[in-house]
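This report refers to the structure that appears directly beneath it.
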Amino acid sequence: MKRIVLGLLVLACLAWLGFARQLVVYTYDSFVSWGPARAIEEKFEAMFPGVDLVWVAVGDSSEMLARLI
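Residues in the sequence shown are numbered consecutively from 2, following this note's numbering.
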């Protein structure tokens with residue numbers, strides 16, 4: 002059992018390294034348009050140079066809440 006779990010963990014790590022590294026953040030429109038999204042993205046990409054931060058605006062906060070539920 003331990004070997005299976007260890008094997009799956011190693012396989013997952015190798016698969017993770019092989020994929021394009023992108024973090025998608027779903028948020029409301031105003032956070033992206035005039036909120037702190039740009040500053041957060043600059044600092045995040047400076048800290049993690051291999052990861053691309055992508056913002057997806059899904060509407061206002063009530064629309065986003067409805068999607069989450």
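Beta carbons are placed, not taken as given, at the ideal position from N, Cα and C, and that holds for glycine.
Cα-Cα separation, Val52 to Leu24: Within the model, the alpha-carbon separation for Val52 versus Leu24 is close to 7 Å.
Start and end residues, alpha helix (DSSP H) containing Asp30: Asp30 to Ser34
Where the alpha helix (DSSP H) containing Ile70 begins and where it ends: DSSP places Ile70 outside any alpha helix (DSSP H), giving it a letter other than H or E.
Length of the line joining the Cα atoms of Glu46 and Ile70: 30 Å
Reference Glu42, options Ser34, Ser31, Trp35 and Val55, closest by Cα: Here the closest residue by C-alpha is Val55.
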